[in-house]
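Input: a single structure, listed below in structure tokens.
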Amino acid sequence: MSLRLRSSKKRGVSTLDIWPWKYLVPWMVEDLFGRRATKKYRLDLLDIDKDGDTYNMEEFVMLLHDFINNPMAHDLIHNGATFQVAGLTNNSCLAESNEIRLCVREHPSLGRHVLDVAKKRLDDMLYVGLTEDHKQSATMFANMVGAQVLSETLSLHTDDESTNSTGSKPYSSINLQNRQSGSN
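In structure tokens, the structure reads:
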């Protein structure tokens, strides 16, 4: 299905190359095209005014309730971020990822374990950036790491000063230069 959606000209990255869109777009297109024939036939026969219910459109579009409760939507939208951080997406290297997601779908209480794995992985990550703006994310990361390095350096410097029992300043490059030249 996704091959039919792609153009023959490859100009850049296609939405169909990116998780979760490579699964969501073909699923939605298949659903919409499946209802297209019904639309053409039923529009002639349907008299909305006679029925009085303008929301009764399940022949034409997927109902929101059906979309929300669809297993594909659960895997990719509702639980997608958790599965992604836990390493259990459709693109995972782990061969059992599909079975684990199916098991979580059939036994929702087991989802707590997947959530715990995802939380542990997040805690172990050095930094979690913003995907919407990579430049801002990289800048924030650099500022955070830079602040940590400066904090550690200042901490080491104050430790050196406090442990120096002679009362003299700790050896810095400036003090060493002054001592070597004899002017201290």
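Counting along the sequence shown from 1, when you hit position 104 you're at 104 in full-length UniProt numbering, and nothing is skipped either side. Even for Gly, the Cβ is constructed at its ideal location relative to N, Cα and C.
Item, Value
"Between Val149 and chain C, is there a C-beta pair that is closer than 7 Å?", "Considering every chain present, this structure includes no chain C. It has just one protein chain."
"Using C-beta distances below 6 Å, list every residue in its chain close to Gln180, excluding the 5 sequence neighbours before and after it, in chain order.", "Annotation note: pLDDT 47 at Gln180 (below 50); position unreliable, coordinate value reported separately. Once the five neighbours on either side are set aside, Gln180 has no close Cβ partner at all."
"Would Val85 and Arg121 be called neighbours here (beta carbons separated by less than 7 Å)?", "yes"
"Of all the options Trp27, Asn79, Leu94, which has the alpha carbon lying nearest to the alpha carbon of Met62?", "Trp27"
"Quick check on DSSP: helix, strand or coil for Trp27?", "helix"
"Name the residue from Ala118, Gln148, Leu88 whose alpha carbon lies nearest to the alpha carbon of Trp19.", "Leu88"
"Quick test of the definition: if touching needs 3 or more C-beta pairs under 8 Å, does the region 68-75 touch the region 100-119?", "yes"
"Is it true that the CB of Thr82 sits closer than 7 Å to the CB of Leu115?", "yes"
"State the DSSP-derived secondary structure class of Pro20, mapped to helix, strand or coil.", "coil"
"Quick check on DSSP: helix, strand or coil for Lys110?", "Note on residue identity: the sequence assigns Leu, not Lys, to residue 110. Helix at Leu110."
"Going along the chain, which unbroken runs of the alpha helix (DSSP H) with 4 or more residues stay wholly within the region 72-160?", "80-86, 97-106, 111-124"
"Please go through the same chain and pick out, in chain order, the residues whose beta-carbon is closer than 6 Å to the beta-carbon of Ile68, but skip the five residues on each side of it.", "none"
"Once the 5 residues before and after Val117 are set aside, which same chain residues still bring their CB inside 7 Å of it?", "Ala86"
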